[in-house]
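These protein sequences, in sequence, are chains A and B. Residue numbering for the first sequence follows the numbering used here, starting at 149 and increasing by one per position. Residue numbering for the second sequence follows the numbering used here, starting at 149 and increasing by one per position. Note that CB positions come from ideal geometry on N, CA and C, so glycine has one too. Report on the following structure.
Protein chains: 2
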Amino acid sequence: MATTKTTKTKGETTRSALMEAALRQVARGRSFEAMSLRKLTGSVGIVPTAFYRHFESMEALGLALVDDSLRTLRRIMRQAREGDLPQEQIIRASVQTYAEYVRANPLHFNFVLRERYGGVAALRHAISTGIQLFVSELATDLGRFPILNTWNATDLRMIAALIVGAVMETTELLLEAPENDTERFNEIVRTSEKQLRLVMLATPQWRSGKG
Amino acid sequence: MATTKTTKTKGETTRSALMEAALRQVARGRSFEAMSLRKLTGSVGIVPTAFYRHFESMEALGLALVDDSLRTLRRIMRQAREGDLPQEQIIRASVQTYAEYVRANPLHFNFVLRERYGGVAALRHAISTGIQLFVSELATDLGRFPILNTWNATDLRMIAALIVGAVMETTELLLEAPENDTERFNEIVRTSEKQLRLVMLATPQWRSGKG
DNA sequence: ACGAAAAGTCAACACCAGTACACAAACCAT
DNA sequence: ATGGTTTGTGTACTGGTGTTGACTTTTCGT
C-alpha cells in the first residue's frame, strides 16, 4: 500500500532510507526528540516493529546521523587544508566551497545545527565534542599561518572559536534562504567573507593580554 | 498529595509556576516540543485540564516564555547602553555584566539558546526575529563609536552579527559550566573579552570591499 | 538450488497523550 | 455575607506511543 515516496534506486537499503527520512523530518521542523518511531517507519513504508531490524533504538539512529553529518563536515576541512592556496584567496575560496557544501548537503548541516542544542542528551554531547574537535583542528591549522605561528594555543583557540561561531550563523542563514535565490546566496557568502577578513585583519597588531 | 516541589511563596500564581516549570524542564534537557502537558501540570501540582485555565495551548505558553526571555535580554542591552563608559573599559564591563546576567537568569538564556533552533516553528520564528532586532540595535549602537561612525549599514550589521555569534557561543559555555566554578567563569569571560577586543582592533584599518 | 540469515509482517499489549464536559471549591468585589 | 468569576477537580474518551513474540517472506552465499 504505502510504498515509494522516494525514488527507490533498487539497491537503496531500508536502513539508509530510515536515516534520510529522519533527516528530512528534522529539516521539516520536527526535533529529533519529538519524532515518532511509528511515523518514521510509516513514511518509509515498513511496519513499526521492523525498525529494530536496523537500529537498536531511536537514539542509535540519531548517533548514526551525527556520525554521518560530522563526516561530511570533516570532509570539507580536509579539502580546504589540502588545496593550499595563496594567502590572499584562501578566505574567499574557503567560504565559497563551504557555502557550496552547505547547499549540497543541507540535511546534514541542518541536523547538526538543530540537534546541537536539541533535547536528546547523547546527540548533544556527540555533536558538541565533534565541534570541539573541529575547533581544535582549525586552531592548529591557523597556527600554520605566517602571522599566527607565534601565537599561543589559548589565543589560537580563542580565534578559532570566534570563527566557528561566525560560520554557524552563516550556515543558519544559508539553510533558511530559499533554494534558488542565488543573489541571496552570494550576499551571505560576501558577508561571511567580510567577517573572516575582518578577523584576520586584526591579527597582526594583536597582543595577548595575559600569558 | 503531589504538592510543593518548589517553595511556594504564597502569592505565587499557578500561571508563573507553569512557566517556570517549563523553563526548568528545558534546562533539564527536554526540548519544548517534546514536553508533555500532563507531566508539566503534574510537576506543578494541578490536574491536566487545569492547564487551559492559564494558557490556550502549549504553543501559547512557549510564546509567553519567549517574551519573558527576550525581555531579560533587552534589559541588558539597555543597561549597557545607558551606563556609557570610557571606550577602553566598555568591552570589559559589557562582557562582565552580560556574563553575570547569564549566571543570574540561566533559565531564560538557556531557553532562548535551545529553542532558537528547536522544533516548534512559532517559537523559532519569534526568537529569530527577536535576535534579528537585537542585531539591528547593536549595529546602530556600534555606529556611535568614534571609529565606526563612518561605516555603512551593511558593514555595521556584518560586524554586529559577528559579535552576536561570538556572544552566543560564550553564552553556551557559561550555561554548561558548573555553577560554582568561578575560575571557569572567569576564563570564559576573559576569552569572550579577547574575542571582542580582537574584532574592535580590526576596525580602524577596515575598508569595505564593496558598496 | 537450497537453506540459513536477514528483513518484514501481524496482532496484541500496556501506557501515555490531549482534551471535552460537568461539577466543586476558592476568590473577591460589592 | 452573597453571588459571580476564576481556578481547580474527576471522569471519560479517543487515538497515538513503544515494544513483545511468533510467524512469513525475501535475500544471498554456497
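Short of 8 Å in beta carbon distance, which residues of its chain neighbour residue i, apart from the five on each side in sequence? Order them along the chain.
i         : result
ALA314(A) : SER340, GLN343, LEU344, VAL347
VAL283(A) : ARG305, ALA308, ALA309, VAL312
LEU323(B) : VAL250, PRO254, PHE257, ASN258, LEU261
ILE239(B) : GLU341, LEU344, ARG345, MET348
With DSSP as the reference, label residue i as helix, strand or coil.
i         : result
MET183(B) : coil
GLU204(A) : coil
PRO294(B) : coil
TYR265(A) : coil
GLU236(A) : helix
ASP216(A) : helix
ASP289(B) : helix
GLU327(A) : coil
ILE275(A) : helix
ARG338(A) : helix
VAL347(B) : helix
LYS153(B) : Confidence at LYS153(B) is low in this model, with a pLDDT of 36, below 50, so the placement of that residue is unreliable and no value is reported for it.
ARG176(A) : coil
VAL195(B) : coil
SER356(A) : coil
GLY231(A) : coil
GLN280(B) : helix
THR161(A) : coil
ASN253(A) : coil
ASN258(A) : helix
Given residue i, which residues of its chain have a CB within under 7 Å of its CB, disregarding the five upstream and five downstream residues?
i         : result
THR162(A) : VAL192, ILE194, HIS202
VAL268(B) : PHE180, GLU181, GLU207, GLY210
ASN297(B) : GLY291
PHE259(A) : LEU171, VAL174, LEU213, SER217
GLN244(A) : VAL337
THR189(A) : VAL195, PRO196, ALA198, PHE199
GLU285(B) : MET225
THR319(A) : VAL250, PHE257, LEU261
ALA169(A) : LEU188, SER191, VAL192
ALA274(B) : LEU211, VAL214
THR351(A) : ILE295, LEU296
PRO234(A) : none
Would you mind working out which of the options sits nearest residue i, comparing C-alpha positions?
i         : options                         : result
ASP303(B) : GLU204(A), LEU209(A), ARG338(A) : ARG338(A)
ARG251(A) : ARG240(A), ALA325(A), SER164(A) : ALA325(A)
ASN334(A) : MET316(A), LEU281(A), ALA247(A) : ALA247(A)
LEU321(B) : SER276(A), GLU236(A), PRO254(A) : SER276(A)
SER101(B) : LEU166(B), ARG226(B), ASP215(B) : There is no way to answer for residue 101(B), as the model of chain B reaches only from 149 to 359.
ARG262(A) : ALA169(B), ARG272(B), ASN253(B) : ARG272(B)
ASP289(A) : ALA274(A), ASP232(A), GLU236(A) : ASP232(A)
PHE293(B) : GLU327(B), ALA274(B), GLU236(B) : GLU236(B)
TRP299(B) : TRP354(B), SER205(B), MET183(B) : TRP354(B)
SER205(A) : PRO234(A), MET167(A), ARG178(A) : MET167(A)
Might you give, ordered along the chain, the residues of its own chain that have their beta carbon closer than 6 Å to the beta carbon of residue i, omitting 5 neighbours on each side?
i         : result
GLY278(A) : LEU218
SER356(B) : ASP303
ALA270(A) : GLU207
ALA287(B) : LEU304, ARG305, ALA308
ASP215(B) : none
ALA165(A) : VAL192
MET183(A) : GLN173
ARG332(A) : ALA325
Take the Cβ of residue i as the centre, count every other Cβ of all protein chains shown within 10 Å, and call the residue buried at 16 or more, exposed below.
i         : result
ARG264(A) : buried
HIS256(B) : buried
GLY266(A) : buried
ILE295(B) : exposed
ARG186(A) : exposed
ALA301(A) : exposed
THR330(B) : exposed
GLU317(B) : buried
ARG223(A) : exposed
ARG176(B) : exposed
ARG229(B) : exposed
LEU281(A) : exposed
Q.
Beta carbons nearer than 7 Å to chain B: which residues of the region 250-267 of chain A have them?
A. LEU261, ARG262, TYR265, GLY266, GLY267
Q: Identify each residue in the region 288-317 of chain A for which the Cβ-Cβ distance to at least one residue of chain B is less than 9 Å, and report them in chain order.
A: THR302, ASP303, ARG305, MET306, ILE307, ALA309, LEU310, VAL312, GLY313, ALA314, VAL315, MET316, GLU317
Q: Return the residues of the region 176-205 of chain B that lie within a Cβ-Cβ distance of less than 7 Å from chain A, sorted by chain order.
A: GLY177, ARG178, SER179, GLU181, ALA182
Q: Give, in chain order, every residue of the region 203-237 of chain B whose Cβ lies closer than 7 Å to some Cβ of chain A.
A: none
Q) Using a Cβ cut-off of 8 Å, which residues of the region 321-340 of chain A contact any Cβ in chain B, in chain order? A) ARG338, THR339
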